[in-house]
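Keeping their order, the protein sequence lines are chains F and U.
Just so you know, my numbering puts 19 at position 19 of the first sequence, and the rest follows in order with no gaps.
One rule links them: number in my numbering = place in the second sequence (from 1) + 1000.
Please read the structure below before turning to the comments.
Number of protein chains: 2
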Amino acid sequence: MDDLKPWLKATQKQVDSALGRFLPRESAAPKTIHKAMRYSIFAGGKRLRPILTLAAAEACGGELENALAPACATEIMHTYSLVHDDLPCMDDDDLRRGRPTSHKVFGEGMAVLTGDALLTQVFIVIAQTPETKRYTVKDYLEEIAVTGGSKKLIGGQVLDLEGEGKELSKRELVKIHENKTAALLTCSVRLGAMTANATPAKLDALTTFGYNLGLAFQVIDDILDVTQTTEMLGKTAGKDEAVDKSTYPAILGLEASRKEAARLTKKALKSLEVFGKKGQRLEQIARYLLEREY
Amino acid sequence: MDDLKPWLKATQKQVDSALGRFLPRESAAPKTIHKAMRYSIFAGGKRLRPILTLAAAEACGGELENALAPACATEIMHTYSLVHDDLPCMDDDDLRRGRPTSHKVFGEGMAVLTGDALLTQVFIVIAQTPETKRYTVKDYLEEIAVTGGSKKLIGGQVLDLEGEGKELSKRELVKIHENKTAALLTCSVRLGAMTANATPAKLDALTTFGYNLGLAFQVIDDILDVTQTTEMLGKTAGKDEAVDKSTYPAILGLEASRKEAARLTKKALKSLEVFGKKGQRLEQIARYLLEREY
């Protein structure tokens, strides 16, 4: 298998190009909303979720082309959640991916509508996913709608909002990140696998993979918030502590948090055994995420 | 055909009961968001959109039972848009359906999340619509997602937001209401018809019906905002003028607005001819809406 870095770069480019096709043109009326949707989507994200979707499709022997729609859908869902989370009435963030946040550029009302429009676009895009013998658009729809819903993605944000200023237990913190981060990463790999007509056993393995990778990813994110600068992060550093948010380093300490991330990554990697050599790309991605500067 | 009023009452009851089933229980975690979702849904709306869905299914010879999921989906979509429109950064409304608005009760951040959760729930619910020979979940999904998207429902709200404080032409005003109101009413009848396996010709007739009824409905809404009290409306009266919003009465005058509503209703009724006697319920509803106190 080729090196990860060039593959990542090439795949990000493919994802960006597909995102361009799956979003309304900036010239479509009303222009403001389409400009704002594209502003947040093309702000230089890592495209982790679509990359996982494509790598999972590959691991299950599918065509990358067939996984582009759900890959973009997961990225659009992630972006909508950031636009709304950054609002003054939520996390009140001025900076995201190194640029002013949506409400700073377009105003609060427009940022609410931009998030809404992106969320709705998720479903316009998911409807375009090719069906397989085992999976129909109904299956893709249920997968992503339940993941984005009040019991998972939004539920996690609710717990996060309610937990601010309180001292959370590790268990409570895990609950937030299961919903906020791990659920969408799990959905990303599952959708990719579904477009490859994966067996239920492989879907199960990817559920375990996504869950553990998602938690590991969040632990590392929390560590980076403590150890990196705003410039390195592209978002306000030290923010968690400033707003008195419970984080892994705050609860466990830095060293134990690093160990926790390694433990979770190991569990994620173990779940890939069923894919044999075909799982190498997912394995490379998991290792790469763990070895981010922190 | 029996009288409209008892049918409306019985149907509203059925819709409310279905909405109760299609929303997460209040006891499901996190409780706050599910309480807030139900607070806005069960605030005593007229259930116009689901009623249109069910009446359209009936007009096409379908089973009411099969149309309950999309009926609820349209009502949930309508409610999400109200929750977000009422936010301080949008229309800043304190009162809706006679009760304090969501952000007044649950706070702004939670109201944003509640709208998001309702919007996502639309798609969880639409996935549960029974398929027919002609129409699959993919068709239902595309219908409602495109209607809710940046070029229709949200696009209309963008134009509305951008038009505040400006003097709009009649044409610009119609554009807003085509998107904000008529699109979702059209989608409501079309989805009902689809669950009844309606022919494309019947879908076309209902598209004309929904469009004209939607515009008529909005003209009447604008008139009521001028002529009725806050108590009668259940939302702040005189609000349009107070925020310098362009309305039909402001542009055309009251008398011409009334004539416009009658003209549009007539066009809507004409489109029902293809349904013969089966279209009577839709006709009754259209007449009833026109004859609201105004």
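Note that CB positions come from ideal geometry on N, CA and C, so glycine has one too.
From a predicted model like this one, the values you see are computed outputs, not experimental measurements.
Close CB contacts of GLU1260 (chain U) within its chain, under the 6 Å cut and outside five residues either way in sequence, are with VAL1219 (chain order).
Taking C-beta separations shorter than 7 Å and ignoring five residues to either side along the sequence, the partners of THR11 (chain F) in its chain run ILE51 and LEU54, following chain order. DSSP places PRO30 (chain F) outside both helix and strand once states are collapsed to three, so it counts as coil. Chain order gives the chain U residues near HIS34 (chain F) as SER1150, where near means a beta carbon separation below 8 Å. Per the DSSP secondary-structure output, PRO100 (chain F) pairs in a beta bridge with F:LEU95. Within the segment 70-151 of chain F, the complete alpha helix (DSSP H) segments at least 4 residues long are 102-106, 108-126 and 137-148, listed from N- to C-terminus. The beta carbon of ILE1041 (chain U) is closer than 8 Å to those of LEU1019, LEU1023, GLU1075, ILE1076, THR1079 and LEU1118 in its chain, skipping five residues each way along the sequence. In the three-state DSSP reduction, ARG1047 (chain U) falls in the coil class, being neither helix nor strand. Around the CB of SER27 (chain F), fewer than 16 other CB atoms lie within 10 Å, so the residue is classed as exposed.
Beyond the five residues adjoining it in sequence on each side, GLU131 (chain F) comes within less than 7 Å, by CB distance, of VAL137 in the same chain, given in chain order. With the criterion set as a beta carbon lying under 7 Å from some beta carbon of chain F, the members of the segment 1085-1108 of chain U are LEU1087, CYS1089, MET1090 and GLU1108, in sequence order. Within the same chain, and ignoring the five residues on either side of LYS170 (chain F) in sequence, the residues whose Cβ sits closer than 6 Å to its Cβ are ILE251.
Linking LEU1224 (chain U) to MET1037 (chain U) through their CA atoms gives a straight-line distance of about 28 Å. For the options U:GLU1167, U:GLY1165, U:VAL1274 and U:LYS1175, the alpha carbon positioned closest to that of LEU1153 (chain U) is the one of U:LYS1175.
When secondary structure is reduced to three states using DSSP, GLU164 (chain F) falls in the coil class, being assigned neither helix nor strand. Collapsing the DSSP output to three states places THR247 (chain F) in coil. Residue-level contact check: GLY155 (chain F) touches chain U, since one or more beta carbons of chain U fall below 8 Å from its beta carbon. DSSP places ALA198 (chain F) in no alpha helix (DSSP H); its state is neither H nor E.
Among the residues of the segment 14-38 of chain F, those with a Cβ less than 8 Å away from any Cβ of chain U are PRO24, ALA28, ALA29, PRO30, THR32, ILE33, HIS34 and MET37, in the order of the chain. Taking each of U:PHE1209, U:GLN1121, U:PHE1275 and U:LEU1095 in turn and checking the Cα distance to THR1265 (chain U), the smallest one comes out for U:PHE1209.
Contact with chain U is absent for VAL189 (chain F), since none of that chain's Cβ atoms lies less than 8 Å from the residue's Cβ. Boundaries cannot be given for SER1271 (chain U), as no alpha helix (DSSP H) includes it and DSSP labels it neither H nor E. In the three-state scheme derived from DSSP, where H, G and I count as helix and E and B as strand, SER1169 (chain U) is classed as coil. For ARG1292 (chain U), the number of other beta carbons within 10 angstroms of its own is below 16, and it is reported as exposed. LEU1168 (chain U) and LYS1151 (chain U) have their C-alpha atoms spaced approximately 19 Å apart.
In the displayed model, PHE1042 (chain U) falls within coil according to three-state DSSP, outside both helix and strand.
ALA71 (chain F) and GLY192 (chain F) have their alpha carbons spaced roughly 7 Å apart. In this structure, the alpha-carbon of PHE217 (chain F) lies about 16 Å from that of LYS270 (chain F).
Closest in alpha carbon position to LEU141 (chain F), among U:VAL1226, U:GLY1276, U:ARG1263 and U:ILE1126, is U:ILE1126. PRO1006 (chain U): member of the alpha helix (DSSP H) spanning 1004-1022, first to last residue. Check the Cα spacing between LYS277 (chain F) and each of F:ALA29, F:LYS133, F:ALA59 and F:VAL158: the tightest is with F:ALA59.
The three-state secondary structure of GLN1228 (chain U), taken from DSSP, is coil.
Listed along the chain, the chain U residues whose CB falls inside 8 Å of the CB of ALA43 (chain F) amount to none; the nearest CB is some 18 Å away.
ASP1085 (chain U) is positioned such that its CB atom lies no closer than 8 Å to that of GLN1014 (chain U). Of all residues in the segment 258-290 of chain F, none comes within less than 9 Å of chain U when Cβ atoms are compared.
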